[in-house]
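Inspection log for the structure reproduced underneath, given as structure tokens.
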Amino acid sequence: LGELMIDICFVCTGNTCRSVMAERIAKKLCKDRKIKDVKFSSAGIYAKGENITDGAVFALKKLGYDGRKRKSVKLSKIKPNTIYVAVTDAHKDFIHSKKCLSFEDLAGVVNDPYGQSNEVYLQTAKQIENNINVLLEKIENLRGAL
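Taking our numbering, the leading residue of the sequence shown gets 150, the next gets one more, and so forth.
Take a look at the structure:
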């Protein structure tokens, strides 16, 4: 029985801060935990192709994650085989998929750092890290039970 490929997409409003940080953090933590066959992406409900914010780049680099620039991606159609991880319950309501959970379901609210100081971005990145660790534990437990 081969491992099941899991496709996870993090979703926030603009895909310039929280969801893109979640994607980068998840990729590295997954690699560190040697979890295979999980693909991560991110998107924004109202993304307009803007660059990842400087604050997000700062926080990612400071915590040892990939801080490269990239343009935001708009959430287009909901794919039936993708698990969506919404940053807030409001984002979850918008996505309207049975395969959607929010950070609030995992380990708590992640505040929007947009337009705030690098310190705030760092706090946000740590909140995201905490949520991703809970998510990866769930994946590991699920696979251990199969």
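For every residue, glycine included, the Cβ atom is placed at its ideal position computed from N, Cα and C.
Your pair K176 and F189 checks out as a contact, with CB atoms roughly 5 Å apart and the cut at 8 Å.
The residues S191 and I201, in chain order, have a CB closer than 6 Å to that of V169 in the same chain once the five nearest residues on each side in sequence are set aside. The criterion of a C-beta distance shorter than 9 Å is not satisfied by V258 and C161.
As DSSP reads the structure, S221 sits in no beta bridge.
The beta carbon of R173 is closer than 6 Å to those of L209, Y214 and D215 in its chain, skipping five residues each way along the sequence.
Sorting G193, D238, V269 and L212 by C-alpha distance to the C-alpha of K226 places G193 at the top. If you check the CB distance, Y270 and F207 come in under 9 Å. In this structure, L212 keeps its C-beta atom at 9 Å or more from the C-beta atom of V234. If one requires a minimum length of 4 residues, the alpha helix (DSSP H) runs lying completely within the segment 180–261 are 203–211, 238–244 and 252–255, in chain order. Our two residues, E268 and N280, have alpha carbons roughly 19 Å apart in a direct line.
Of the candidates K223, I232, K228 and D254, D254 places its Cα closest to the Cα of D238. With contacts defined by Cβ atoms closer than 9 Å, K220 and T231 do not form a contacting pair. Within the same chain, V160, I227, Y233 and A235 come within 7 Å of I244 by CB-CB distance, once the 5 residues on both sides are set aside. At the C-beta level, N290 and A256 stay beyond 9 Å of one another.
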